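S.K.: According to numbering that gives the first Met the number 0, the residues represented by the sequence shown are 0 to 107, in order.
Sharing a structure below in C-alpha cells format, with a few things to ask.
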Amino acid sequence: MTTPTPFDDTDRVLDRITDRFDERYDGEVPREKIEQEVHETYDELAADAKVDTMLPALTEHEVGDRLAEEVGRPAPLADDPAEGGPQVRAGASNPETETGLGRPVGPT
Numbered sequence: 000m001t002t003p004t005p006f007d008d009t010d011r012v013l014d015r016i017t018d019r020f021d022e023r024y025d026g027e028v029p030r031e032k033i034e035q036e037v038h039e040t041y042d043e044l045a046a047d048a049k050v051d052t053m054l055p056a057l058t059e060h061e062v063g064d065r066l067a068e069e070v071g072r073p074a075p076l077a078d079d080p081a082e083g084g085p086q087v088r089a090g091a092s093n094p095e096t097e098t099g100l101g102r103p104v105g106p107t
C-alpha cells in the first residue's frame, strides 16, 4: 500500500496557495484572478518539469511575484508584526539579526 503524500491532491494544494494569497491581499486582488494565476502558473511549470516535487512551492513563488508586480508592492506579511508576528521576510536582511538565512534570530 502506498502512503499518500501532501501533493497527491494537486487541487487541494493549489486551493491552499490561493487561500493564502486571497488572505494576504484581502480583497485587493479578486479571488478569481488569484485562482486563475495559481492554476495557469502551475500548468506552465508542470509542462516542462522533470520532477514535480517542488511545483507547489515554485508556483507560489511565481504567483507571488506576478501579484506583487500587478499591485505595485509585495504582499503584506501573513503575520501582523503589531501582534508579535515575524517582521523579517524570507531573503530580507537585518544587520542586527543576520544569519545569512534571511530569518530573525532570537526573540522577535
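C-beta: ideal position from N, C-alpha, C; glycine also.
Keep in mind that this is a model prediction, so the values were computed, not measured.
Helix or strand or just coil, what does DSSP make of P29?
M.R.: Three-state result, P29: coil.
S.K.: Runs of 4 residues minimum, wholly inside the stretch 9 to 62: which ones carry the alpha helix (DSSP H) assignment?
M.R.: Listed in chain order, they are 9 to 24 and 30 to 47.
S.K.: Could you give the distance in angstroms between the alpha-carbon of E34 and the alpha-carbon of T17?
M.R.: When rounded, the distance between both Cα atoms is 6 Å.
S.K.: May I ask you to report which of helix, strand or coil DSSP gives R65?
M.R.: Helix, per DSSP.
S.K.: Determine the burial state of P55: buried for a count of at least 16 other Cβ atoms within 10 Å of its Cβ, exposed for fewer.
M.R.: By the neighbour-count rule (16 or more Cβ atoms within 10 Å), P55 is buried.
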